[in-house]
Each structure stands twice: as structure tokens, then as C-alpha cells.
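This report concerns only the one structure given below.
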Amino acid sequence: MDLSIETRGNTTILRPREPHIDLTNARDLAAAIKTAVERGAVHVILDLTRVETLDSMGLGGIVSGWRSVAAKGDLRLCGLQGPVRQVFEVTRLDRVFQILADVESALGAC
Numbered sequence: 005m006d007l008s009i010e011t012r013g014n015t016t017i018l019r020p021r022e023p024h025i026d027l028t029n030a031r032d033l034a035a036a037i038k039t040a041v042e043r044g045a046v047h048v049i050l051d052l053t054r055v056e057t058l059d060s061m062g063l064g065g066i067v068s069g070w071r072s073v074a075a076k077g078d079l080r081l082c083g084l085q086g087p088v089r090q091v092f093e094v095t096r097l098d099r100v101f102q103i104l105a106d107v108e109s110a111l112g113a114c
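So, in C-alpha cells, the structure goes:
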């Protein structure tokens with residue numbers, strides 16, 4: 005998966021550059037989140053601004069990544085667009101994840 009990775013203190017910001025998170029790249033995303041935690045990130049922000057679609061495997065990758073962060077810190081989501089936001093609402097995962105408007109808001113919540 006093509007990701008931009010930025011570290012600010014104990015926070016890692018992951019920005020997928022691909023428009024789809026699906027079967028082809030969900031495991032890579034989960035692994036990137038896990039790697040960030042292994043490298044000391046307490047907070048992981050997943051900026052989904054460029055993501056247009058998210059299927060069940062993509063959602064599973066995000067949940068898997070969240071599990072690797074949950075014991076030591078948190079995973080925050082931001083930049084969710086129409087169809088991606090709907091996936092979280094329909095599955096009620098918008099009640100599990102902290103979803104913010106943008107990276108700066110997510111950083112402020114850390």
C-alpha cells in the first residue's frame with residue numbers, strides 16, 4: 005500500500021494515497037499501523053481524505069490495526085468522505101472510533 009507516514013512525537017499519521025482500501029491492500033494497512041505502534045507510537049491517526057471506497061476487507065484491516073494500538077494507545081480517524089463515512093455509520097463503528105474532521109483536529113485530541 006502506498007502510504008505517507010509522518011511522526012510527531014509519540015503520534016504517527018498514516019495517509020493512504022490510494023483511493024480504495026480493499027482486499028488488495030487491507031493487510032498492508034493493518035501492518036503499517038502495527039509497525040507504527042512497535043516503533044513507539046502511542047497515538048495513530050489514519051487520514052482517509054484520499055480514500056473514496058472502503059470494502060469489508062478494508063474495514064477489517066482498520067479494525068485489525070486498531071486492535072494492535074488499543075492496549076497502548078489509540079487510533080483516530082479523520083478525513084472520511086461520503087461512502088467511507090457511510091460504511092462506519094452503517095456498521096456502527098463510528099461509535100467505536102473517534103472520527104474527526106482533519107489531521108489538526110485529531111492531533112488536538114491526542
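First residue of the sequence shown: 5, per this note's numbering; consecutive thereafter. For every residue, glycine included, the Cβ atom is placed at its ideal position computed from N, Cα and C. Since we're looking at a predicted model, the values are computed, not measured.
Within the DSSP bridge table, the entry for R80 names I49, Q102 as partners. In this structure, DSSP gives R19 an extended state, which the three-state scheme calls strand. Considering only V94, H47, A75, the residue with the shortest C-alpha distance to L81 is H47. With contacts defined as CB atoms closer than 8 Å, G64 and K38 fail to qualify as a contacting pair. Burial state of V107 is buried, judged by a 10 Å Cβ sphere holding 16 or more other Cβ atoms.
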